[in-house]
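Here the sequence shown stands for residues 426 to 894, where the numbers follow the working numbering.
All C-beta atoms, glycine included, are put in the ideal place defined by N, C-alpha and C.
Quick notes on the structure that follows.
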Amino acid sequence: MADPFLACLAELIGESNVLVEAADMAPYLTDWRGRYSGRARAVARPGSARQLAEIMARCYAAGIPMVPQGGNTGLCGGATPRDGGDELVISLGRLNRIRELDPANNTLIAEAGCTLAAVQEAAASIDRLFPLSLASEGSCQIGGNLSTNAGGVHVLRYGNARDLVLGVEAVLPDGRLWNGLRGLRKNNTGYDLKQLLIGAEGTLGIITAAVLKLFPRPRALCVAWVELDSPALAVDLLGFMQSRTGNALNSFELIGREALDLVLRHLPGARSPVAERGRWAVLIELADGGDEERLREVMDDALSGAFDQGLITDAVIASSLAQSRALWHLRENISEAQRLEGVSIKHDVSVPVSLIPAFLESAGKALCEAFPGIRVVAFGHLGDGNLHYNLSKPDSGSNAHFIDSTPTVNRIVHDLVVSFGGSISAEHGLGQLKRTEILRYRDPEETAMMVAIKQLFDPRGLMNPGKVI
C-alpha cells in the first residue's frame with residue numbers, strides 16, 4: 426500500500442482487512458436507504474478489541490477521523506463517512522464472538538459485531554430470551570443497536586436497548602480500552618458511564634462488547650390482528666388489553682391503511698388478514714411462560730370484551746406459528762415496501778401515548794392543507810408512543826419533486842411533535858439527518874452539556890465527525 430499509515434494498519438490486522446479499492450469499499454460508503462454516500466481513506470476491519478484499540482491510538486496520533494460502522498442498517502446516516510475522503514471507516518463485523526453465557530445470572534457477553542439475530546440465538550441456546558427485536562435483526566449488529574439505543578417492537582414490555590445493558594467494554598478516542606463488563610444489577614459507585622456511550626452514535630468512543638440482560642423464554646405466544654376505526658380507539662384498546670392481560674402484553678403495533686396497502690402491493694405473498702380492511706389496524710402479541718391454549722383463551726376473551734365495548738370492528742387470532750409469522754411479516758415489511766415504492770419524507774417521532782390521536786389529527790390536517798393530495802403512511806409502536814410518520818404523493822413519479830419540500834414538511838411535523846411534548850427522534854438517532862434540526866428544539870443548556878461531554882471524551886473531534894453534535 427502506497428499510504429504508509431494504511432501499510433501500518435495492514436501489518437497490524439492483515440492486508441485483506443484494510444480495504445482501499447473502490448469496489449471493495451463501496452458497500453461501506455452508502456447507507457441502507459441510499460440517502461447518504463461519502464468517501465473514505467480506507468475501511469479497516471479489526472478482529473479484536475485490542476486491534477481496534479491500536480488502530481484508534483494510531484488514528485488519534487495522526488489526526489485521522491474515525492467512522493464506526495456496524496451492520497450499516499441505520500436510517501439517519503450515522504455510520505456513513507462524509508465527502509472529504511480523509512476518514513477511516515472502522516467496520517466491527519469481525520468482532521462477532523459470544524464471549525460468555527451465564528444462565529444463572531441471566532446475562533451473556535456479546536461482541537459488538539454480533540448480529541442481533543446471533544445474540545437472540547445464543548440466548549435461546551440456554552433457554553433464555555434477549556428481547557430486543559427489529560426488522561433488520563438478521564444484519565444489524567449489537568454494537569450499532571447500542572450506539573443508537575435501538576427500540577423495536579418489544580419496548581412496551583422490556584424497554585429500549587439501554588435498558589437491556591448491564592456493562593460495556595469500549596475503546597476511547599485515544600485508544601484506551603475500558604473494561605466495564607460488569608454483570609451487576611446494583612452498582613452505586615458513581616456515574617453510569619456506559620450510558621454515555623449508549624445512544625452516542627460512536628461520537629464518544631466505540632463499544633466493543635456488552636453484558637446483556639436475558640429473560641425467561643416465553644413458552645406460549647399468541648398474535649392477533651385487530652381492525653378498528655381510529656387511533657383514539659387504539660389507545661383505549663391498549664389500556665383495555667393491559668388491564669385484561671397484564672404483563673403478558675408483549676407488543677402493540679399501530680398500522681395505518683396506507684402502510685398495509687404498500688405491503689400488499691410490493692411484498693410477494695402478502696395477504697390481508699381480513700376481507701374488509703378499515704382505516705386502522707393493531708397487531709397485538711401476548712407472551713408468557715404458561716400454556717399456549719390458555720394464552721389464546723386470554724386473547725380471545727380480551728378481544729371479545731373489546732368488541733362488546735365497541736373498541737374494535739374485527740379481529741383474527743393466529744392459530745399457528747406460521748400464521749403468527751405471516752401477521753408479523755405485514756408489520757415488519759412496511760419499511761421495505763416503502764423503499765420499493767420510492768422516496769418519501771420520513772419521520773421517527775414520539776409523543777405521549779395519550780396524545781397520539783390528537784397529534785395524528787393535527788398533523789394530517791396541517792399537511793393536507795399545505796400539500797393537497799399528500800399520502801400519510803403512519804405506523805409504529807403505539808405501546809411506547811413511537812410513530813413512524815412518512816409522507817409521499819400517491820403517484821410515485823411525483824415524489825422526486827415532492828422531496829424538495831422536505832424542510833417545509835419537517836417544520837410542520839416537528840413543530841407539532843414538540844408542541845405535544847414529544848421528540849423528533851424516537852429510536853433512529855440523529856446521525857447526519859437531524860444533527861442541525863435538533864438545535865431548533867433542544868434546550869440550549871442541554872446542547873451545551875452535550876458539547877462539553879464531547880469535548881471531554883474527544884477533544885480533537887475525531888470520533889464520527891459531523892454526526893449528532
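How would you label residue i, buried or exposed, when you count the other beta carbons within 10 angstroms and need 16 or more for buried?
i	result
Gly439	exposed
Tyr485	buried
Asn758	buried
Pro884	exposed
Leu609	exposed
Val893	buried
Thr505	buried
Pro625	The question names Pro, but residue 625 is Ala in the sequence shown. By the 10 Å Cβ count, Ala625 comes out buried.
Val876	exposed
Met874	exposed
Asn612	exposed
Pro890	buried
Thr833	exposed
Ser823	exposed
Ala529	exposed
Glu436	exposed
Gly808	buried
Under a three-way DSSP split, which group does residue i fall into?
i	result
Asp588	helix
Leu513	strand
Phe677	strand
Glu852	coil
Cys539	coil
Asn815	strand
His806	strand
Ala791	helix
Glu862	helix
Val801	strand
Thr573	coil
Leu500	coil
Glu701	coil
Ile837	helix
Ile894	coil
Ser462	strand
Met426	coil
Gln748	helix
Pro493	strand
Ala467	strand
Glu525	strand
Leu437	helix
Ala706	strand
Arg690	helix
Ser844	helix
Ser830	helix
Val774	strand
Leu881	helix
Val876	helix
Val445	coil
Asn672	helix
Arg756	helix
Which residues share a DSSP beta bridge with residue i?
i	result
Lys638	Thr532
Ala595	Trp603, Ile632
Asp739	Glu652
Gln566	Thr540
Cys647	Leu711
Arg553	Pro641
Met888	Met491
Thr455	Ser462
Of the residues the options, which one's Cα is nearest the Cα of residue i?
i	options	result
Ser954	Thr455, Glu525, Cys647	This structure cannot speak to residue 954, because the chain is shown only from 426 to 894.
Arg522	Arg610, Ala645, Leu785, Gln566	Gln566
Ser844	His853, Val774, Pro490	Val774
Leu591	Thr532, Ala537, Trp603, Ser572	Thr532
Leu881	Leu816, Ala474, Leu526, Thr628	Thr628
Glu786	Arg702, Lys771, Ala803	Ala803
Gly847	Met874, Lys790, His772, Ile878	His772
Arg553	Asp527, Ser564, Leu541	Asp527
Lys859	Thr831, Ser749, Trp753, Asn570	Thr831
Glu718	Ala795, Pro471, Ala645, Cys539	Ala645
Gly472	Leu513, Ala487, Glu536	Glu536
Does any CB atom of chain B fall closer than 8 Å to the CB of residue i?
i	result
Ile849	The chain labelled as chain B is not found in the depicted structure, where only one protein chain is given.
> On the three-pair Cβ rule with 8 Å, is the stretch 779-795 touching the stretch 694-714?
Replying inline: no
> Do three or more CB pairs link the stretch 457-467 to the stretch 428-439 at distances below 8 Å?
Replying inline: yes
> So, do the stretch 685-692 and the stretch 720-731 have three or more beta carbon pairs nearer to each other than 8 Å?
Replying inline: no
> Are the stretch 626-641 and the stretch 537-554 touching, with three or more C-beta to C-beta distances below 8 Å?
Replying inline: yes
> Touch check for the stretch 490-501 and the stretch 605-617: three-plus C-beta pairs under 8 Å?
Replying inline: no
> Is the stretch 714-726 in contact with the stretch 652-661, if contact means three or more CB pairs nearer than 8 Å?
Replying inline: no
> Does the stretch 469-482 come close enough to the stretch 436-451 to have 3 or more Cβ pairs within less than 8 Å?
Replying inline: yes
> Using 8 Å as the Cβ pair cut-off and three pairs as the minimum, do the stretch 446-456 and the stretch 748-762 touch?
Replying inline: no
> Does the stretch 660-667 come close enough to the stretch 598-607 to have 3 or more Cβ pairs within less than 8 Å?
Replying inline: Judged by Cβ distances under 8 Å, the stretch 660-667 makes no contact with the stretch 598-607, as fewer than three pairs qualify.
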